[in-house]
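Student: So the protein sequences, as listed, match chains G and A.
Using numbering that gives the first Met the number 0, the final residue of the first sequence is 266, and nothing's skipped along the way.
Using numbering that gives the first Met the number 0, the final residue of the second sequence is 266, and nothing's skipped along the way.
Every residue gets a Cβ at the ideal spot worked out from N, C-alpha and C, and that includes glycine.
Note that the structure is predicted; figures quoted are calculated from it, not measured.
Protein chains: 2
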Amino acid sequence: MLVVKIGGSQGVALGPICADLGALIQQGQKVVVVHGGSAETNEISARLGHPPRFVTSVSGFTSRYTNRATLEIFAMVTNGRINTLLVEQLQKFGVNAFGLSGVDGRLMMAQRKEAIRIVENGRQRMLRDDYTGKIEQVNAALLRLLLEAGLTPVIAPLAISPAGEVVNVDADRAAAMVAGAVQAEQLVILTNVPGLMRNYPDENTLIPHLPRIGLEQALSFAEGRMKKKVLGASEALDLGVSKVIFADGRVEHPVLDALAGKGTVIS
Amino acid sequence: MLVVKIGGSQGVALGPICADLGALIQQGQKVVVVHGGSAETNEISARLGHPPRFVTSVSGFTSRYTNRATLEIFAMVTNGRINTLLVEQLQKFGVNAFGLSGVDGRLMMAQRKEAIRIVENGRQRMLRDDYTGKIEQVNAALLRLLLEAGLTPVIAPLAISPAGEVVNVDADRAAAMVAGAVQAEQLVILTNVPGLMRNYPDENTLIPHLPRIGLEQALSFAEGRMKKKVLGASEALDLGVSKVIFADGRVEHPVLDALAGKGTVIS
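1) What does a CB cutoff of less than 7 Å around A:L99 pick up in its chain, not counting 5 residues either side in sequence?
2) Hey, how far is the Cα of G:N203 from the Cα of G:V187?
3) Does A:R211 come within less than 9 Å of chain D when only Cβ atoms are used?
4) Compare the Cα-Cα distances from G:S8 to each of G:A217, G:N138, G:T40 and report the closest residue.
5) Between the stretch 71–99 of chain A and chain G, which residues of the former have a C-beta closer than 8 Å to a C-beta of the latter?
6) What do you get for G:Q185, buried or exposed, if any count of 16 or more other CB atoms within 10 angstroms of its CB means buried?
7) Can you give me the start and stop residues for the alpha helix (DSSP H) that G:I72 sits inside?
8) Put A:I5 into one of helix, strand or coil per three-state DSSP.
9) Give every residue of the same chain whose Cβ lies closer than 8 Å to the Cβ of A:A109, excluding the five residues on either side of it in the sequence, and list them in chain order.
10) Let me check understanding here. Comparing Cα to Cα, which of A:V2, A:V11, A:G104 lies closest to A:H252?
11) Between which two residues does the alpha helix (DSSP H) containing A:K228 stretch?
12) Quick one: is G:E164 near chain A, going by C-beta distance under 9 Å?
13) Show which residues of chain A have a CB atom less than 8 Å away from the CB atom of G:A148.
14) Using a C-beta to C-beta distance shorter than 8 Å, which residues of chain G count as neighbours of A:I159?
15) Where do the N-terminal and C-terminal ends of the beta strand (DSSP E) with G:M125 fall, by residue?
16) Hey, out of G:A96, G:G149, G:M0, G:A170, whose CA is closest to G:T77's CA?
17) Identify the continuous beta strand (DSSP E) that holds A:G132 and give its terminal residues.
18) Closest to G:G59 by C-alpha separation, out of G:A96, G:E119, G:G239, G:V181, would be which residue?
19) Determine the burial state of A:D19: buried for a count of at least 16 other Cβ atoms within 10 Å of its Cβ, exposed for fewer.
20) Is there a Cβ of chain G sitting closer than 9 Å to that of A:G59, yes or no?
21) Taking only beta-carbon positions, decide if G:G21 is within less than 9 Å of chain A.
22) Can you name the residues of chain A whose CB is closer than 8 Å to the CB of G:R63?
23) Hey, how far is the Cα of G:E222 from the Cα of G:G35?
24) Considering only the beta carbon of each residue, do A:S62 and A:V54 sit closer than 9 Å?
25) Would you report the Cα separation of A:R224 and A:L195, rounded to the nearest angstrom?
26) So is A:R46 in contact with chain G if we call contact Cβ pairs under 9 Å?
27) Should G:L47 and G:F97 be called a contact, given that it needs their Cβ atoms to be closer than 9 Å?
28) Apart from the five residues on each side of it in sequence, which residues of its chain come closer than 6 Å, Cβ to Cβ, to G:G14?
29) Could you check which residue in A:Y199, A:V2, A:E113 has the C-alpha nearest to that of A:D128?
30) Looking at A:V243: is its Cβ nearer than 9 Å to the Cβ of A:A175?
31) Checking 9 Å against the spacing of the C-beta atoms, do A:M0 and A:A259 come in under that value?
32) Distance cutoff 9 Å, beta carbons only. Does G:I24 sit that close to anything in chain A?
33) I need the straight-line Cα distance from A:V137 to G:D103, nearest angstrom please.
This is how it looks when you write it as structure tokens:
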């Protein structure tokens, strides 16, 4: 079993990714896809007169500030636009893709972060109207049901809280939880950089292989959104995934290259 | 088996509909939900600087003119916003709802209408860049798989063409095809009027019961979007559904009232 996370950042090319996935699935590989959607959500939010806002937690992680209006736009773009068009592209490559989000059939249950302590202009304050969540459980039986029916699940990064509210979840960490739940051997995280760099953005400092023990240190030098990917990698390994690969989603064979060891291999 | 189509028109209240569905499903009723989304698609299209456009075919049916840009907005709003929020509401009423569109797992296969002959300013012309389709096949096995897993499918009105393109389909006729495929006894079509009226909008001319044989005549006096509902009713009956009910989606118990015979019962 392989889990592939397709980043929502600008530059990631869906065509080559879908072509690679088509080839792998035709060879009998079972795949679950998880996608993001930050770049398109930002663009559509701005066009709807609701520009995105990001906050930084006290521990230094950046995330989208998601009040209810933002959540509804995020759901619309990720689960409606990105998910549907990704399923369409995969279908064109012969993959019987099946789009869903963590809300459907309660696939991903998350604890809503009722209050987040953020740093703003150098000062700490609490944010209370946020609809962001941390996934606590993935319904693996539901994914197996789809996979056994010959379908390839394509998952949008939404989850549902115990109170039945939709929440926005981090797609990298969602992919890690999914990979753990379906006992994937490998998790490929495609993004718009070649992998983890010791001194971002200097590509000469790309780390080709990171032992598991190096992850904690990596958290300190990873920049911006890469921090969450490192956290996701750590969570996936903890859940029994053998190998996590951060790889370039902009190349001709993004998934095949990653499986051949290009990028940053963490194991 | 019961199929309920929830109209996308203004005034249709989701809360009472979801409450009714929750009560029915708790009693063991199997339900498939199909929804529309025209009002919200119009609103969001306009906000995105892409106002909706409707065309009238030579046979007098009104439909959304759907070029690729419109299709992507329609997919985003119906499959992302409306579907996700409807699944959320149903989950709050204890229904393990599962949102999908006809693209997922090729649930609904449609022939794309490559060219539509329309009437514009009294003159006929052909429209060739339209992504509207007519459903030809519904994958009933996929719906049964979900229903047997205790899930309630909630279907957005998109389908996939044999070439793998997403197409916009009429939600009333989609509901009719789904009802036929799952061999539903009843199809309830909820809208923002009390039912079929002989002289729309005079509610005193509401038709409480229409025999099957009266459908052809009804096509001639049904106004605007009601025409497609009449066509859908006719298709559902042809596919073996025993009873189609057009009912008011704005009341306190929209589904229970419909099942009790309020609205227009066609059988």
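Tutor: Taking the geometry as given:
1) Closer than 7 Å at Cβ, skipping near neighbours: L106, P152, I154.
2) 21 Å
3) Absence of chain D from the displayed structure is noted, the protein chains being G and A.
4) Sorting G:A217, G:N138, G:T40 by C-alpha distance to the C-alpha of G:S8 places G:T40 at the top.
5) E71, A74, M75, V76, T77, N78, G79, R80, N82, T83, L84, V86, E87, Q90, K91, N95, A96, F97, G98, L99
6) buried
7) Segment 67–74, the alpha helix (DSSP H) holding G:I72.
8) strand
9) The residues are G101, G132, K133, I134, E135, A158, I159, S160, V166, V168.
10) A:V11
11) 225–237
12) yes
13) Among the residues of chain A, those whose CB is under 8 Å from the CB of G:A148 are G104, L141, L144, following chain order.
14) Per Cβ cutoff of 8 Å: E87, Q90.
15) Per DSSP, G:M125 belongs to the beta strand (DSSP E) from 122–126.
16) G:A170
17) 132–137
18) If we check each option's Cα against that of G:G59, G:E119 comes out closest.
19) buried
20) no
21) no
22) Within chain A, no residue comes near G:R63; the closest Cβ sits about 16 Å away, beyond 8 Å.
23) 18 Å
24) yes
25) 11 Å
26) yes
27) no
28) Closer than 6 Å at the Cβ level, and outside the excluded window around G:G14, lies no residue.
29) A:E113
30) yes
31) no
32) no
33) 20 Å
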